[in-house]
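Enquirer: Mapping to the numbering used here: the sequence shown position 255 is 264, numbers consecutive.
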Amino acid sequence: MLASAVLVFGTAAPGAADPKPTEKQLKQELSDLRKKVDRLIGDYNAKRVALAKARVEEKAARGRLAKAEADYEAASDAVRQLAGLRYQTESAMVLPDMNTAALNYQLKEEQAARLARFDQVRGERQQAADAAKTLTGHLKTQAAEVAGQREDAEDLIDEIKDKLDALIPIAPGKRAGGSWAPELPSGSDNITPRMQFMRTEVGQHFALRFPIGCYRAENSGEHPLGRACDFMMSSGGAMPSPEMKALGDSLAAWAIKNGPKLGVMYVIWQQRIYNLGRPGWRTMSDRGGITANHYDHVHISMY
10 MLASAVLVFG
20 TAAPGAADPK
30 PTEKQLKQEL
40 SDLRKKVDRL
50 IGDYNAKRVA
60 LAKARVEEKA
70 ARGRLAKAEA
80 DYEAASDAVR
90 QLAGLRYQTE
100 SAMVLPDMNT
110 AALNYQLKEE
120 QAARLARFDQ
130 VRGERQQAAD
140 AAKTLTGHLK
150 TQAAEVAGQR
160 EDAEDLIDEI
170 KDKLDALIPI
180 APGKRAGGSW
190 APELPSGSDN
200 ITPRMQFMRT
210 EVGQHFALRF
220 PIGCYRAENS
230 GEHPLGRACD
240 FMMSSGGAMP
250 SPEMKALGDS
260 LAAWAIKNGP
270 KLGVMYVIWQ
280 QRIYNLGRPG
290 WRTMSDRGGI
300 TANHYDHVHI
310 SMY
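The following block contains the structure:
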């Protein structure tokens, strides 16, 4: 009886669905993972610096070896010269005089000193080269491990971002067949509810530092209809910094990825246009300036 009860109650738990994490929990997890990635990148960069230092030390050791080998060759020449001088002296004299003996002794001492120095430097070089080689191998292994950890963390970040994107609600006005109902501009900003919704979502997902321009009176385009906003990545007319360029890339990619839910019609960025009805980036003609060519802002037009 007890066994039956255990069996019944034991099968109930696995069937229960795990509660879905909230948006706040996912954002906190994403923040923690980004900090982890930053630490890994810092560690990786420090190892790269140490690796470069080890290579410099190994190169210096090889330079010391080359000098020692040159010294050795010089000592060998001295020995050969000594042998020739000794042969000439011995051929001329049956018994060497004091000057010849002194010369022989001097050359022998110089030879011994140079050979001893060569052996010493060669040993030092070998030790340094072995140490550098060991350190290089160790650092390469560590760098590979850190790179792998970084890749794992970035994969997790992408997974969390996908989960966050899944939480984005569908913008207002989407029909059952997938098309979007027309909307009238409203409010003090003179933009449509769908454009307002999009602007809010962008503000929640990206730390923008520059103004957002939406409605303006023109003869064509989506701006006068309240269906377009320009998300600035620099002060008007200036090229974005590398950091802001990367932010613009991320914003454009995010708008394209989530465009079907948000009602995005097309995105313009860096003199290229991406029409969601015709997927793929297309280069635009040169309009003559940084702002006109959309190098300083991401343009998003809505249905």
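Ideal Cβ positions, reconstructed from N, Cα and C, are used throughout, including at glycine.
Treat the numbers as computed from the prediction; the structure is a model and nothing was measured.
Could you give the residue range of the beta strand (DSSP E) that holds M242?
Expert: Against the sequence shown, residue 242 aligns to sequence position 233. No beta strand (DSSP E) contains M242, which DSSP labels as neither H nor E.
Enquirer: Alpha helix (DSSP H) containing I265: first to last residue?
Expert: Start at 1 with the first residue of the sequence shown, and residue 265 comes out as number 256. I265 -> alpha helix (DSSP H) spans 251 to 266.
Enquirer: Under 8 angstroms Cβ to Cβ from I141, same chain only, skipping five residues before and after it: list those, please.
Expert: Within the sequence shown, the letter at position 132 stands for residue 141. It should be noted that the sequence gives Ala, not Ile, for residue 141. Once the five neighbours on either side are set aside, the close Cβ partners of A141 are A63, R64, E66, E67, A70.
Enquirer: Can you tell me the Cα-Cα spacing of L144 and I221, whole angstroms?
Expert: For the purposes of this step, residue 144 is taken as residue 135 along the sequence shown, with counting starting at 1. For the purposes of this step, residue 221 is taken as residue 212 along the sequence shown, with counting starting at 1. Whole-angstrom Cα-Cα distance: 52 angstroms.
Enquirer: The beta strand (DSSP E) with M248 in it runs from where to where?
Expert: Position 239 of the sequence shown holds residue 248. Unbroken run through M248: none, as it is neither H nor E.
Enquirer: Which same chain residues end up closer than 8 angstroms to R208 when comparing Cβ atoms and leaving out the 5 residues on each side of it in sequence?
Expert: For the purposes of this step, residue 208 is identified with residue 199 of the sequence shown, where counting begins at 1. Cβ neighbours of R208 beyond the five flanking positions: I200, I221, C223, C238.
Enquirer: So the candidates are Y53, L124, F215; which of them puts its Cα closest to the Cα of A152?
Expert: What you label residue 152 is simply residue 143 of the sequence shown in a count that begins at 1. Of the candidates Y53, L124, F215, the one whose C-alpha sits nearest the C-alpha of A152 is Y53.
Enquirer: Could you give the uninterrupted runs of the alpha helix (DSSP H) lying entirely in the stretch 167 to 230, keeping only those of 4 residues or more?
Expert: Correct list: 202 to 214.
Enquirer: With H, G and I counted as helix, E and B as strand and the rest as coil, what does DSSP make of I282?
Expert: For this step, residue 282 is matched to residue 273 along the sequence shown. Three-state result, I282: strand.
Enquirer: Is the beta carbon of V276 sitting closer than 8 angstroms to the one on H308?
Expert: On the sequence shown, residue 276 is found 267 positions in, with the first residue counted as 1. On the sequence shown, residue 308 is found 299 positions in, with the first residue counted as 1. Yes; because the gap between Cβ atoms is below 8 angstroms, this pair is in contact.
Enquirer: Starting from M311, trace the beta strand (DSSP E) in both directions and tell me its first and last residue.
Expert: Translated into the one-based positions of the sequence shown, residue 311 becomes position 302. Start and end: 306 to 311.
Enquirer: Give the range of the beta strand (DSSP E) segment to which P288 is assigned.
Expert: Counting from 1 along the sequence shown, the entry for residue 288 is found at position 279. Looking at the DSSP string, the run of the beta strand (DSSP E) that includes P288 is 287 to 292.
Enquirer: Around the C-beta of Q243, are 16 or more other C-beta atoms found within 10 angstroms, so that it is buried, or is it exposed?
Expert: Reading the sequence shown from its first residue, position 234 is the one you call residue 243. The sequence as given places Ser at residue 243; Gln does not occur at that position. Classification for S243: buried.
Enquirer: Considering just the uninterrupted stretch of the beta strand (DSSP E) at I299, what are its terminal residues?
Expert: Within the sequence shown, the letter at position 290 stands for residue 299. Unbroken run through I299: none, as it is neither H nor E.
Enquirer: If you check the beta carbons only, do G246 and T300 fall under 8 angstroms apart?
Expert: Working through the sequence shown from its first residue, we reach residue 246 at position 237. Working through the sequence shown from its first residue, we reach residue 300 at position 291. Closer than 8 angstroms, so yes.
Enquirer: Can you tell which of Q213, T292, G286 has its C-alpha closest to the C-alpha of L173?
Expert: Stepping through the sequence shown from its first residue, residue 173 is reached at position 164. The candidate whose alpha carbon is nearest that of L173 is Q213.
Enquirer: Buried or exposed: S310, going by 16 or more other Cβ atoms within 10 Å of its Cβ?
Expert: By 1-based counting over the sequence shown, the position of residue 310 is 301. Per the 10 Å Cβ criterion, buried.
Enquirer: Are L217 and F240 closer than 8 angstroms when you measure CB to CB?
Expert: For the purposes of this step, residue 217 is taken as the residue at position 208 of the sequence shown. For the purposes of this step, residue 240 is taken as the residue at position 231 of the sequence shown. Yes, the pair counts as a contact, with Cβ atoms nearer than the cut-off.
Enquirer: DSSP has I277 in a bridge; who is on the other side?
Expert: Your numbering for residue 277 matches position 268 in the sequence shown. Answer is I282, H308, bridged to I277.
Enquirer: Quick one: Cα of G235 to Cα of L193, how far?
Expert: Within the sequence shown, numbered from 1, the residue matching residue 235 stands at position 226. Within the sequence shown, numbered from 1, the residue matching residue 193 stands at position 184. So the alpha carbons of these two residues sit roughly 8 angstroms apart.
Enquirer: Counting C-beta neighbours from all protein chains within 10 Å, is the total for Q205 16 or more, i.e. buried, or is it exposed?
Expert: Translated into the one-based positions of the sequence shown, residue 205 becomes position 196. Counting Cβ neighbours within 10 Å, Q205 comes out buried, since at least 16 surround it.
Enquirer: Is the beta carbon of D295 less than 8 angstroms from the beta carbon of N302?
Expert: Within the sequence shown, residue 295 is the residue found at index 286, counting from 1. Within the sequence shown, residue 302 is the residue found at index 293, counting from 1. It is a contact, given that the beta carbons lie within the stated cut-off.
Enquirer: Going by C-alpha to C-alpha distance, which of Q158, G268, K149, M248 sits closest to A61?
Expert: As a working note, residue 61 is residue 52 in the sequence shown. Of Q158, G268, K149, M248, the residue nearest in Cα terms is K149.
Enquirer: If you draw a straight line from the alpha carbon of V103 to that of R131, how long is it in whole angstroms?
Expert: As a working mapping, residue 103 is identified with position 94 in the sequence shown. As a working mapping, residue 131 is identified with position 122 in the sequence shown. Annotation note: pLDDT 49 at V103 (below 50); position unreliable, no value reported.
Enquirer: Mapping the DSSP letters down to three states, classify K29 as helix, strand or coil.
Expert: Taking the first residue of the sequence shown as 1, we reach residue 29 at position 20. Here K29 sits in coil by DSSP.
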